[in-house]
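In my numbering, the protein residues as written are 13 to 238.
For every residue, glycine included, the Cβ atom is placed at its ideal position computed from N, Cα and C.
All values derive from a computational prediction rather than experimental measurement.
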Amino acid sequence: MSNDSISALMTVLQHGDSFFPSGANAFSWGLETLHGDGLLLGADGVAAFLRGQLRHRWWTSDAVALARTYLADADLARASEIDHELEALGFSRELREGSRRTGATLLRTHEQLATPRAADYRLLIRGGKAVGHLAVVQGLVWNGLGLSLEQALALSAHTLCAGTVSAAVRLGIMGHIDAQRVLGAMRVIVANITRQPVATEIGSFVPAAEIAAMRHEIQESRIFAN
Numbered sequence: 013m014s015n016d017s018i019s020a021l022m023t024v025l026q027h028g029d030s031f032f033p034s035g036a037n038a039f040s041w042g043l044e045t046l047h048g049d050g051l052l053l054g055a056d057g058v059a060a061f062l063r064g065q066l067r068h069r070w071w072t073s074d075a076v077a078l079a080r081t082y083l084a085d086a087d088l089a090r091a092s093e094i095d096h097e098l099e100a101l102g103f104s105r106e107l108r109e110g111s112r113r114t115g116a117t118l119l120r121t122h123e124q125l126a127t128p129r130a131a132d133y134r135l136l137i138r139g140g141k142a143v144g145h146l147a148v149v150q151g152l153v154w155n156g157l158g159l160s161l162e163q164a165l166a167l168s169a170h171t172l173c174a175g176t177v178s179a180a181v182r183l184g185i186m187g188h189i190d191a192q193r194v195l196g197a198m199r200v201i202v203a204n205i206t207r208q209p210v211a212t213e214i215g216s217f218v219p220a221a222e223i224a225a226m227r228h229e230i231q232e233s234r235i236f237a238n
């Protein structure tokens with residue numbers, strides 16, 4: 013293995029680690045409400061939830077926005093257009109806010125790490141010219157780190173899966189060993205769907221999770237921000 017390959021692998025491991033300050037641990041993406049309603053139970057329920065999220069939201073929406081932003085390279089105006097498109101297509105206010113908040117945390121971290129274009133894009137957000145959705149920020153900063161598009165997509169899928177199983181463990185839905193089993197099963201799903209070309213149009217269909225997120229904001233007792 014070349015030094016460049018080892019460096020790239022270590023970069024992916026660093027930025028996919030739960031220790032990395034990405035802000036993702038504050039969100040359950042509808043999982044908390046579905047569990048509270050008795051609609052999502054045990055490791056099998058978490059796995060089914062994640063399969064739906066990967067196939068019908070991440071791959072059709074987040075991965076598309078990430079790839080388009082990544083391929084835009086240094087074109088921040090193009091990144092901003094994709095950002096506003098995500099904002100317009102988001103049905104749930106809590107999910108939109110969660111994406112913006114997580115994106116803001118990730119972007120702020122990368123600005124402090126001097127990742128190329130992170131500071132410039134934060135200026136656009138402060139000026140109201142960009143929104144800062146997570147998928148756009150991921151495409152921007154991981155391009156700046158020199159990751160390949162394939163590595164960036166794998167990292168995005170991993171952070172979604174890891175964040176979801178972490179939320180499930182914190183909610184008491186399953187234990188740590190089952191969480192690792194679910195993560196292992198999701199690798200197969202991600203490998204299969206990413207064999208296809210990334211779409212050019214953004215779209216998603218996860219109504220149960222979106223409705224759960226909408227209901228979450230009026231619940232009196234909650235652990236997560238969505």
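Within 10 angstroms of the Cβ of residue i, are there 16 or more other Cβ atoms? Answer buried if so, exposed if not.
i: residue 40; result: buried
i: residue 160; result: exposed
i: residue 212; result: exposed
i: residue 53; result: exposed
i: residue 22; result: exposed
i: residue 185; result: buried
i: residue 221; result: buried
i: residue 80; result: buried
i: residue 104; result: buried
i: residue 291; result: For residue 291 there is no data in the structure shown, the boundaries of the chain being 13 and 238.
i: residue 126; result: exposed
i: residue 75; result: buried
i: residue 144; result: buried
i: residue 140; result: exposed
i: residue 115; result: buried
i: residue 15; result: exposed
Do residue i and residue j have their C-beta atoms within less than 9 Å of each other?
i: residue 47; j: residue 180; result: yes
i: residue 118; j: residue 98; result: no
i: residue 113; j: residue 35; result: yes
i: residue 205; j: residue 94; result: no
i: residue 142; j: residue 91; result: yes
i: residue 69; j: residue 168; result: no
i: residue 66; j: residue 223; result: no
i: residue 156; j: residue 122; result: yes
i: residue 59; j: residue 226; result: no
i: residue 192; j: residue 20; result: no
i: residue 195; j: residue 174; result: yes
i: residue 57; j: residue 218; result: no
Looking at chain D, is there any beta carbon in it that lies within less than 9 Å of the beta carbon of residue i?
i: residue 183; result: Any reference to chain D falls outside this structure, which holds one protein chain only.
Which residue's Cα is closest to the Cα of residue i: the options?
i: residue 128; options: 106, 151, 114, 111; result: 151
i: residue 43; options: 27, 157, 176; result: 176
i: residue 108; options: 82, 73, 87, 173; result: 73
i: residue 110; options: 193, 174, 37; result: 37
i: residue 101; options: 89, 77, 45, 81; result: 77
i: residue 178; options: 29, 18, 25, 16; result: 29
i: residue 170; options: 17, 120, 190, 27; result: 27
i: residue 172; options: 45, 120, 61; result: 61
i: residue 85; options: 188, 207, 209, 148; result: 148
i: residue 87; options: 133, 50, 208, 51; result: 133
i: residue 182; options: 82, 55, 16, 89; result: 55
i: residue 106; options: 32, 45, 154; result: 45
i: residue 203; options: 24, 71, 16; result: 71
i: residue 154; options: 33, 17, 82, 207; result: 82
Any heavy atom of the ligand FMN within a distance shorter than 8 Å of the CB on residue i?
i: residue 82; result: Absence of the ligand FMN is noted for the structure shown, with no ligands found whatsoever.
3 or more residues per run - each beta strand (DSSP E) lying fully within the segment 114-194:
As for any beta strand (DSSP E) of minimum length 3 sitting wholly inside the segment 114-194, there is none.
Could you tell me which uninterrupted alpha helix (DSSP H) segments, each at least 4 residues in length, are contained entirely in the segment 40-78, listed from first to last along the chain?
With a minimum length of 4 residues, the unbroken runs of alpha helix (DSSP H) contained wholly in the segment 40-78 fall at 43-48, 54-65.
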